[in-house]
Structures are given as structure tokens and as C-alpha cells.
Amino acid sequence: MYLLMVLISAILFTIGGVFMKLSEGLSQPLPSLLVYIFFIAGASIQTVAMRKATLGVTYIVVLGLESILAVLFGVVLFQESLSYINVIGVSFIVAGMGFLQGEE
């Protein structure tokens with residue numbers, strides 16, 4: 694259940710990030726409102742996930758998943774480029790999350 698909540702939280706934060714981009718610097722009302730709605734939902738689920746897990750590990754795993762999803766959403770939704778350096782960086786994030794989960 695913990696991992697599912699962490700994954701959902703990361704997805705909600707990432708969708709909030711997509712609406713950040715679409716809000717054009719918070720100048721578009723609907724995307725701006727959706728930024729806050731998705732961030733509040735993500736934070737709420739992450740808070741529940743932290744009931745039985747450590748702050749540091751949960752926080753970093755959510756941020757790591759969010760980073761990976763943000764790169765993927767950027768490539769798919771906004772046709773952003775994906776370089777070898779991006780892939781290496783994301784690989785380090787995945788490896789770091791694996792090390793942290795081993796400690797949990």
C-alpha cells in the first residue's frame with residue numbers, strides 16, 4: 694500500500710508540474726488552479742504514506758519518481774529533447790531510490 698501511495702503522490706505532483714508549464718507563469722486561470730489542486734492532492738497522499746515510513750526515504754522516493762515522470766511527460770507531451778546525459782541522470786535517480794528502499 695505504501696508504494697502505491699508513493700506512486701500516486703508522484704503522479705499527482707507530476708501532473709501539477711504539467712499544469713505549471715501550461716499555466717504560463719500562473720497567467721492562465723484554469724491551469725493555475727489545477728497546479729494547486731494536484732499539489733495539494735499529492736501532498737495529502739504523501740502525508741498518509743509517511744505514517745509508517747521515514748520522512749527522508751519517502752520524500753526522496755516521491756521526488757525521484759516525480760523527476761522520472763517529469764522527464765517522460767516532458768518528452769511525450771511537450772516534445773522536449775532527451776539526451777544521453779538526461780538518461781544517465783535518471784538512471785542515477787533510480788539507483789539511488791533502490792539503495793534507499795533497501796534501507797527501509
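Just so it is clear: in the sequence shown, position 18 is 711 by the working numbering, and no numbers are missing.
Backbone N, C-alpha and C fix where the C-beta goes; we use that ideal spot for every residue, glycine too.
All values derive from a computational prediction rather than experimental measurement.
Query raised in the report: When the Cα atoms are used, what is the spatial distance from Ile-701 to Ser-725?
Result: 21 Å
Query raised in the report: Helix, strand or coil for Ser-774 per DSSP?
Result: coil
Query - contact_flag[the region 712-724, the region 749-760] where n(CB pairs < 8 Å) is 3 or more - result: no
Query raised in the report: Count the other CB atoms within 10 Å of the CB of Val-711; is the residue buried (16 or more) or exposed (fewer)?
Result: buried
Report task. Pick out whichever of Gly-735, Ser-784 and Leu-793 has its Cα sitting closest to the Cα of Ile-761. Result -> Ser-784
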